[in-house]
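Enquirer: Okay, handing you the structure first.
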Amino acid sequence: MHDDSSAPPDDDTELVVVTGVSGGGRSTVARALENVGFYVVDNLPQALMLDMAELAQKAGGAAQHTAMVLDVRSRAFSTDLVGAINALKERGFHPRVVFVDADDEVLIRRFESVRRSHPLQGDGRLADGIAAERKLLEEARDHADVIIDTSHLNVNQLRRRVEELFGGEDARRLRVTVLSFGFKYGLPQDADFVLDARFLPNPYWVPELREHNGQEEAVSDYVLGQPGAGEFVATYANLVGATAPGFEREGKRYLTVAVGCTGGKHRSVAIAEELADRLRQARISAHAQHRDLGRE
Numbered sequence: 001m002h003d004d005s006s007a008p009p010d011d012d013t014e015l016v017v018v019t020g021v022s023g024g025g026r027s028t029v030a031r032a033l034e035n036v037g038f039y040v041v042d043n044l045p046q047a048l049m050l051d052m053a054e055l056a057q058k059a060g061g062a063a064q065h066t067a068m069v070l071d072v073r074s075r076a077f078s079t080d081l082v083g084a085i086n087a088l089k090e091r092g093f094h095p096r097v098v099f100v101d102a103d104d105e106v107l108i109r110r111f112e113s114v115r116r117s118h119p120l121q122g123d124g125r126l127a128d129g130i131a132a133e134r135k136l137l138e139e140a141r142d143h144a145d146v147i148i149d150t151s152h153l154n155v156n157q158l159r160r161r162v163e164e165l166f167g168g169e170d171a172r173r174l175r176v177t178v179l180s181f182g183f184k185y186g187l188p189q190d191a192d193f194v195l196d197a198r199f200l201p202n203p204y205w206v207p208e209l210r211e212h213n214g215q216e217e218a219v220s221d222y223v224l225g226q227p228g229a230g231e232f233v234a235t236y237a238n239l240v241g242a243t244a245p246g247f248e249r250e251g252k253r254y255l256t257v258a259v260g261c262t263g264g265k266h267r268s269v270a271i272a273e274e275l276a277d278r279l280r281q282a283r284i285s286a287h288a289q290h291r292d293l294g295r296e
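In this note's numbering, the protein residues as written are 1 to 296.
In structure tokens:
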């Protein structure tokens, strides 16, 4: 009798594994994946990941796109998440691993705001629980396909990021997020490339532009009309275009190009919008996001 369990997975079976630090936003990521048609299994023990994947493969239909969400409770059965993911790959699946992260001080504020202790805190301080969890998750973070730093994202921004990453387009194509940010608020942890737009004159010092932002035509025209701005955008569009095929061959599916200026309101926003548009013209899947717009 033929055993279907030995058959290779259907290429249409899409698996996403979501993990990351407690308080980082896993539940929001799970809801966003449901919004784009994923069947989401929360708090799945790692020992059952392969069984769940094979069940999804056989079930088809709504389970054809399945996301497995793991947290420290899931790790009670096993701490070898990377081993569990490798077992999926050896079986012929192609899981994509999403790691949700945030700065320690942000995590502490989030736990304090809901008056909850950290799952690994025990009798120690909140910071001790966070540090212990980071140590447990270190290898999983290193092997993630995409890292989402939620330190400066609200719930809606995080949901939109996930929906843009996993909603509808060919999952095997490289997807580029061009992320504007303000250097005064810190570097994005999830950036693959960091571009510095501070060499351009700051519209903040132009009275009629100060209260506007880089998404508005007057500011965009001012920024992109400065000497060197066009060459700056074209250079990095060419760089991403030249490296994209190699990233795809190596299995990288998500690329974050961060563009910074002082406050993340004028120059970086205008450059990010223009760069994303140039990449789309070059048939690269790209969208702009603005981490710090509205923070001032």
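Backbone N, C-alpha and C define an ideal beta-carbon position, used for all residues, glycine too.
Considering only DSSP beta bridges, list what I85 is partnered with.
Expert: Note: I85 sits in no beta bridge, so no partner.
Enquirer: How many Å lie between P95 and R125 at the Cα?
Expert: Going by the C-alpha atoms only, they are around 35 Å apart.
Enquirer: Given a cut-off of 7 Å, decide if D192 and L255 are closer than it, judged by their beta-carbon atoms.
Expert: Cβ distance < 7 Å, so L255 and D192 count as in contact.
Enquirer: For L195, which residues does DSSP report across the bridge?
Expert: Beta-bridge pairing links L195 to V259.
Enquirer: Can you tell me the Cα-Cα spacing of D123 and L107, whole angstroms?
Expert: Distance between the alpha carbons of D123 and L107 is about 18 Å.
Enquirer: Going by C-alpha to C-alpha distance, which of T28, R295 and G167 sits closest to H65?
Expert: That would be G167, whose Cα lies nearest to the Cα of H65.
Enquirer: Please name the residue in R160, K135 and R116 whose C-alpha comes closest to that of A30.
Expert: A30 has its Cα closest to that of R160, out of R160, K135 and R116.
Enquirer: Anyone know if the C-beta pair for A272 and A288 falls short of 7 Å?
Expert: Cβ distance < 7 Å, so A272 and A288 count as in contact.
Enquirer: For the stretch 18 to 35 and the stretch 133 to 148, state whether three or more C-beta atom pairs, one from each stretch, are separated by less than 8 Å.
Expert: Because the criterion of three Cβ pairs below 8 Å is met, the stretch 18 to 35 and the stretch 133 to 148 touch.
Enquirer: Tell me the DSSP secondary structure of R96 in three-state form.
Expert: Here R96 sits in strand by DSSP.
Enquirer: Is the beta carbon of F181 closer than 7 Å to that of R109?
Expert: In this structure, F181 does not lie closer than 7 Å to R109 by Cβ.
Enquirer: Who are G182's beta bridge partners in DSSP?
Expert: G182 is bridged to C261.
Enquirer: Taking the alpha helix (DSSP H) that E164 belongs to, which residues open and close that run?
Expert: From DSSP, the alpha helix (DSSP H) with E164 extends over V155 to F166.
Enquirer: Between which two residues does the alpha helix (DSSP H) containing D277 stretch?
Expert: Taken as a continuous stretch (DSSP letters only), the alpha helix (DSSP H) holding D277 covers R267 to Q281.
Enquirer: Going by C-alpha to C-alpha distance, which of N86, L179, R134 and A62 sits closest to A258?
Expert: Comparing Cα-Cα distances from A258 to each of N86, L179, R134 and A62, the minimum goes to L179.
Enquirer: If you draw a straight line from the alpha carbon of E274 to that of V233, how long is it in whole angstroms?
Expert: Cα to Cα, the separation comes out at about 7 Å.
Enquirer: Taking only three categories from DSSP, how would you classify A102?
Expert: Residue state, collapsed to three classes: coil.
Enquirer: Here's the rule I'm using: 16 or more other beta-carbon atoms within 10 Å means buried, otherwise exposed. How should L55 be labelled?
Expert: With fewer than 16 Cβ atoms within 10 Å of its Cβ, L55 is classed as exposed.
Enquirer: Just the C-alpha distance for V69 and R267, rounded to the nearest angstrom, thanks.
Expert: Going from the Cα of V69 to the Cα of R267 covers about 37 Å.
Enquirer: According to DSSP, is V16 part of a helix, a strand, or is it coil?
Expert: Three-state DSSP puts V16 in a strand.
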